[in-house]
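Engineer: Position one of the sequence shown corresponds to residue 3 (this note's numbering), numbered consecutively onward.
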Amino acid sequence: MHQYWFFIGSYPVRAYSTLFLLAFLLGLGVTVYIARVEGKKHLVDHIMNLAPLLFIGGLIGSRIWQVFFFDWAYYSVHPGQIIAIWHGGLSIQGGIVGSLLVAIWYLRRHKLSFWELGDLFAPGIILGQSIGRDANLMNGDAFGSPTGGNFGLLYPVGTLARATYGNRPLWPAEVWEGQGDVIIFALLLIMKQRKWPRGVIFLTENLLYNLERFLLEMLRGDSPRFLFHWDAAQWTSVPVIVICAILIPYLYREQKKRDAKDQLESLV
Numbered sequence: 003m004h005q006y007w008f009f010i011g012s013y014p015v016r017a018y019s020t021l022f023l024l025a026f027l028l029g030l031g032v033t034v035y036i037a038r039v040e041g042k043k044h045l046v047d048h049i050m051n052l053a054p055l056l057f058i059g060g061l062i063g064s065r066i067w068q069v070f071f072f073d074w075a076y077y078s079v080h081p082g083q084i085i086a087i088w089h090g091g092l093s094i095q096g097g098i099v100g101s102l103l104v105a106i107w108y109l110r111r112h113k114l115s116f117w118e119l120g121d122l123f124a125p126g127i128i129l130g131q132s133i134g135r136d137a138n139l140m141n142g143d144a145f146g147s148p149t150g151g152n153f154g155l156l157y158p159v160g161t162l163a164r165a166t167y168g169n170r171p172l173w174p175a176e177v178w179e180g181q182g183d184v185i186i187f188a189l190l191l192i193m194k195q196r197k198w199p200r201g202v203i204f205l206t207e208n209l210l211y212n213l214e215r216f217l218l219e220m221l222r223g224d225s226p227r228f229l230f231h232w233d234a235a236q237w238t239s240v241p242v243i244v245i246c247a248i249l250i251p252y253l254y255r256e257q258k259k260r261d262a263k264d265q266l267e268s269l270v
C-alpha cells in the first residue's frame, strides 16, 4: 500500500490517480475490442468520442456522490477538501450515475441505441471498477471495519484507514469487491457467447455489481450508517437491484413480441 509511486521534484505521482486512469483506459480498450469482434465497427468512432465525456461526467458524479452522500459530515466543515479527490476518494456508484447522464445526452443527440451501447460497455465498466478498487487499496480509503481478531489488513501511517482505526486489522472489503468484479467480468464475457435481448448484459452487470456491493458494504467501516444500519452505497444499490430485476424480464417479453411479429410478417 503506497500512496505515491515517486516524486517529480516536490510533485507526487499518486498511485490512486495512475490506477484510476489505467482503469479507464483498459475498460475503454475492452469496449473497443468487443465492438470490433461483434462486427460493430461503425460504433467505434462514437465510443471514442463518448469516452472523454464519460470520463469527465464520471469524475464529477463520483466526487459529488462521495462528498454529499458518503461523508458530508466531514466536507461540510472542510469545504476546501471537496475538490481534493485524493482525500476520501471517489464513489463508483456516483461515477456510474454521472456517466449515464452524459451517455443518455450523447446517444439521444446521435440517435443511437442506449441498450446496444450499454451491452458493449458493460464488461469494460466492471473491469475498470475492479482496477479502481486497487486504487482504493493503495490510497488507504474505501476500507473495511475492524475484524475484531488478529487477521485483516493493516494500513500504513498516513492513510485515512490508519487515521480512523489505528493499528487494528480491517476487513479487506475493497479487495474482495475488486475480486468479485473480476468474476462478474468473466461471467459477462461468457454471456457474450450467445445472443440476448438488447440491454440484458448491461442490466446483468448492474444487478450483480450492486448485489455484491450491498453485501460487502456490511463490512465497510468508512461510511455513516442510516436506517436499517445501511450506508449510502447500500441505499443506492437497493433501487438499482429492483429496477434491473424488473427490466430484465420486461426486455425478454419485448423481444418475444418482436420475434413473433417478425415471424408473422415473414409468413405474409
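Cβ coordinates follow ideal geometry from the N, Cα and C atoms, glycine included.
On the DSSP letters alone, give me the boundaries of the beta strand (DSSP E) that R200 sits inside.
Structural biologist: By 1-based counting over the sequence shown, the position of residue 200 is 198. R200 -> no beta strand (DSSP E), and no H or E assigned at all.
Engineer: Under a three-way DSSP split, which group does W173 fall into?
Structural biologist: One-based indexing of the sequence shown puts residue 173 at position 171. It is coil, neither helix nor strand.
Engineer: Anyone know if the C-beta pair for P125 and F187 falls short of 7 Å?
Structural biologist: Position 123 of the sequence shown, counted from the first residue, corresponds to residue 125. Position 185 of the sequence shown, counted from the first residue, corresponds to residue 187. Cβ distance < 7 Å, so P125 and F187 count as in contact.
Engineer: Could you give the first and the last residue of the continuous alpha helix (DSSP H) run that contains V240?
Structural biologist: As a working note, residue 240 is residue 238 in the sequence shown. Where V240 is concerned, the enclosing alpha helix (DSSP H) stretches over 234-269.
Engineer: I'd like to know whether the C-beta atoms of A262 and G130 end up nearer to each other than 7 Å.
Structural biologist: Looking up residue 262 in the sequence shown gives position 260. Looking up residue 130 in the sequence shown gives position 128. It is not a contact, given that the beta carbons lie outside the stated cut-off.
Engineer: Near I133, which residues of its chain fall below 7 Å by C-beta distance, leaving aside the five closest residues on each side in sequence?
Structural biologist: On the sequence shown, residue 133 is found 131 positions in, with the first residue counted as 1. Hits under 7 Å: L21, L24, A25, L28.
Engineer: Can you list, in chain order, the stretches of the alpha helix (DSSP H) that have 4 or more residues and sit fully within the segment 111-198?
Structural biologist: With a minimum length of 4 residues, the continuous alpha helix (DSSP H) runs that stay inside the segment 111-198 are 116-141, 162-167, 175-193.
Engineer: Return the residue from the list L205, F145, I94 that minimises the CA-CA distance to L56.
Structural biologist: Here residue 56 refers to the residue found at position 54 when the sequence shown is read from its first residue. Nearest of L205, F145, I94 to L56, Cα basis: I94.
Engineer: Could you spell out where the beta strand (DSSP E) holding V15 opens and where it closes?
Structural biologist: Locating residue 15 in the sequence shown gives position 13, where the first residue counts as 1. Unbroken beta strand (DSSP E) run through V15: 13-16.
Engineer: Given a cut-off of 7 Å, decide if I128 and D73 are closer than it, judged by their beta-carbon atoms.
Structural biologist: Numbered from 1 along the sequence shown, position 71 holds the residue referred to as residue 73. Numbered from 1 along the sequence shown, position 126 holds the residue referred to as residue 128. No; because the gap between Cβ atoms is not below 7 Å, this pair is not in contact.
Engineer: Thinking L172 and G146 are a contact (beta carbons under 8 Å), I'd like their distance in whole angstroms, please.
Structural biologist: Locating residue 172 in the sequence shown gives position 170, counting from the first residue. Locating residue 146 in the sequence shown gives position 144, counting from the first residue. Contact flag correct, Cβ pair sits at about 4 Å.
Engineer: Quickly, what does DSSP pair R215 with across the bridge? List them, please.
Structural biologist: For this step, residue 215 is matched to residue 213 along the sequence shown. Note: R215 sits in no beta bridge, so no partner.
Engineer: By DSSP, does R227 sit in helix, in strand, or in coil?
Structural biologist: Looking up residue 227 in the sequence shown gives position 225. The answer is coil: DSSP assigns R227 none of H, G, I, E or B.
Engineer: Less than 7 Å between the beta carbons of P199 and Q265, yes or no?
Structural biologist: What you label residue 199 is simply residue 197 of the sequence shown in a count that begins at 1. What you label residue 265 is simply residue 263 of the sequence shown in a count that begins at 1. Against a cut-off of 7 Å, the Cβ pair of Q265 and P199 comes out as no contact.
Engineer: Is the separation between the beta-carbon of A175 and that of R135 shorter than 7 Å?
Structural biologist: Position 173 of the sequence shown, counted from the start, is the residue given in the question as residue 175. Position 133 of the sequence shown, counted from the start, is the residue given in the question as residue 135. No; because the gap between Cβ atoms is not below 7 Å, this pair is not in contact.
Engineer: Looking only at C-alpha atoms, which of P148, E219, L205 sits nearest to W178?
Structural biologist: Reading the sequence shown from its first residue, position 176 is the one you call residue 178. It is E219.
Engineer: How many angstroms separate the CA atom of N212 from the CA atom of L269?
Structural biologist: Taking the first residue of the sequence shown as position 1, residue 212 is located at position 210. Taking the first residue of the sequence shown as position 1, residue 269 is located at position 267. Each residue's Cα considered, the two are about 43 Å apart.
Engineer: May I ask you to report which of helix, strand or coil DSSP gives I10?
Structural biologist: Your numbering for residue 10 matches position 8 in the sequence shown. Looking at I10 - three-state DSSP - the assignment turns out to be strand.
Engineer: Can you tell me the Cα-Cα spacing of S225 and V99, whole angstroms?
Structural biologist: Your numbering for residue 225 matches position 223 in the sequence shown. Your numbering for residue 99 matches position 97 in the sequence shown. When rounded, the distance between both Cα atoms is 19 Å.
Engineer: Starting from D47, trace the alpha helix (DSSP H) both ways and give me its first and last residue.
Structural biologist: In the sequence shown, counting from the first residue as 1, residue 47 sits at position 45. Element bounds for D47: 46-67.
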